[in-house]
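Heads up: the structure comes next, in structure tokens.
In our numbering, the protein residues as written are 36 to 675.
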């Protein structure tokens, strides 16, 4: 590996100047995170750049962010020019609407199948305003945040960098976005066949493509050919990219043969998984004097008054603000600042007194797509207890004002976006009246209740020690709980709609609670000290099962899973593949690091395409060496 690295460095030459310029761009970030794997990513960046020089580089995102194994790699950051900043003039060109349609709507999550180890990937899209789109692309190799700028009749890539996950994406202020330098051209309208973007050429503007999600027409198709490799990318109005594929030229037949592809499997508009913080840190100060704030609002008795410090007369400016409640009799001010407010993403926007002990608070976005309102909460200022008031808002709805009436009710205004693009010009306001919450019913916001409406929830690495209350997730279909401290998963038995469950690297010894989750089709249990695997035999609809680094030593409980097409048993004590000989749907099998010495039971598995094994341990591996359509390797294989 060191020899390869040295060869790459020789090819690349001195990278110090590039690193210096990249650092300049990184410093534009509002809050810089420590990258514990910096040296590793620098090496990977050099590797991918070299591969790009030898093979093909592209202006479209995946060619820069995916290495030869389909893994995300550290992108080449957009580097600010050394000349002075110039003011950006924005306009919507004649073809703005045409360009806009090649991005998904705000808040969408697109899930792709295929790629590296069939691990798939996810793209989440956020419209920051009419001219900026933020996307976070993730797979097992990491996550990349990218910012696009739509101006005139062009789309530019103006920012890209690795992030920990989607929750690590930056919260951008408009001023910061406008400071981003002019970037590389992504698309320019009108789009015509033959247009070139770097190594990519527009092959069709009204083509067709088939994906796992469905069939599409009116497809924009790009192609890049270099030596014996061909890549194609497919973009669909309203969906964005739906498929990319890589082929190699069979010189004997003169035809391109598929090597790997990734295609759209699911697409939905979801509420962002970032939970609005609804708890406050509290401190008391004497003679606190706000500098810029909303007008003071007196309490019903006139003994207290409340304001939002940090904004002027009218709420709506960007930034994180605080609530200040002043006791006019003691001159003491109680200051409420949101807890767990990563990067200052949220802020109190409006307040209204209910009684001497309670106020209504609207909490919404502080940066980026700064909207008119947010979610409505009741704050008990005496006990610092927060309760959500209107809990059925959709991702396109927000509360923009609230007024307490004299008859025990309150009137609210709800701002509703009419389309998923969340444009102010396509919205309306609705008014409603509700009873004021009864004081005795106040209760703390439940962690799990906040997640109850999500179909996909990722709590990887959250340090969870128990799942008390998880039963409210009765509508959840995909749940990621890897890298926690869970030992008891009994509560999961209530989640009957679960289809995808990731439990890797916990302390789980029993999976009996999963036996009635008959809708499960993807189950990942890697790295758990499980002592009984009989439950697996009852999960008859499983299509993907991963038991890497578990204590399993026999596949007896797997032999009746007739729909199983992918299984990973690497780094286990399994020694016999006989139970798999009737799994006719099996396409992918990883047996590296096991005690298996014979693959004879696999001879009749006609659909098997990918087999990972240790050739020095499997004595008869050549039995399948000439099997048509099967690839055998000791290393990771690019799987379709």
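Virtual Cβ for every residue (Gly too), placed ideally from N, Cα, C.
- In this structure, DSSP gives residue 343 an extended state, which the three-state scheme calls strand.
- Taking the Cα of residue 397 as reference, the smallest distance to any Cα among 433, 366, 374 is reached at 433.
- Taking C-beta atoms under 8 Å as the contact rule, residue 570 and residue 599 fail to qualify, at a distance of about 15 Å.
- For residue 557, the secondary structure class from DSSP, reduced to helix, strand or coil, is strand.
- In the three-state reduction of the DSSP assignment, residue 213 falls in the helix class.
- Runs of the beta strand (DSSP E) lying entirely within the segment 421 to 505 and spanning at least 3 residues, in chain order: 432 to 439, 444 to 452, 462 to 470, 491 to 493.
- Between residue 583 and residue 605 a beta carbon distance of about 5 Å is seen, short of the 8 Å cut, so the two are scored as contacting.
- Bounds of any beta strand (DSSP E) do not take in residue 248, whose DSSP letter is neither H nor E.
- Rounded to whole angstroms, residue 513 and residue 364 show a C-alpha spacing of 54 Å.
- DSSP places residue 282 in the strand class (E or B) of the three-state scheme.
- Taken through DSSP and simplified to helix, strand or coil, residue 240 comes out as strand.
- Judged by beta-carbon spacing, residue 386 lies within the 9 Å limit of residue 332, meaning their Cβ atoms are closer than that value.
- Judged by DSSP in its simplified three-state form, residue 658 adopts helix.
- Looking at the DSSP output, residue 293 bridges to 282.
- Here residue 653 carries a coil assignment [DSSP, helix/strand/coil].
- With a contact defined as Cβ atoms closer than 8 Å, residue 173 and residue 160 miss out at about 12 Å.
- Judged by their CB atoms, residue 556 and residue 534 are nearer to each other than the 9 Å cut-off.
- Where residue 131 is concerned, the enclosing alpha helix (DSSP H) starts and stops at 131 to 135.
- Cβ-Cβ distances below 6 Å link residue 175 to 154 in the same chain, with the five nearest sequence neighbours on each side left out; the list follows chain order.
- A straight-line Cα-Cα distance of about 51 Å links residue 324 and residue 537.
- Taken through DSSP and simplified to helix, strand or coil, residue 604 comes out as coil.
- Under the 10 Å beta carbon count, residue 463 is surrounded by fewer than 16 other beta carbons and is classified as exposed.
- By the C-beta density criterion, residue 208 is buried, having at least 16 other C-beta atoms within 10 angstroms.
- Residue 189: member of the beta strand (DSSP E) spanning 189 to 198, first to last residue.
- Within a 10 Å sphere around the beta-carbon of residue 564 sit fewer than 16 other beta-carbons, which makes this residue exposed.
- DSSP, reduced to helix, strand and coil, places residue 573 within a helical segment of the structure shown.
- When the beta-carbon positions are compared, residue 647 and residue 625 come within less than 9 Å of each other.
- Secondary structure of residue 369 (DSSP, three-state): strand.
- Residue 269 holds the alpha-carbon nearest to the alpha-carbon of residue 241 among 168, 374, 269.
- Here residue 509 carries a coil assignment [DSSP, helix/strand/coil].
- A straight line joining the alpha-carbon of residue 580 with that of residue 138 spans about 33 Å.
- Look at residue 599 here: in three-state DSSP terms it is coil, with no helix or strand label.
- Note on residue 169: 16 or more other CB atoms within 10 angstroms of its CB, so buried under the neighbour-count rule.
- Sequence-distant Cβ neighbours of residue 552 in its own chain, meaning closer than 8 Å and more than five residues away, are 527, 528, 530, 531, 533, 536, 574.
- Exclusion of the five residues before and after residue 633 leaves 655 as the residues of its chain whose Cβ lies within less than 6 Å of its Cβ.
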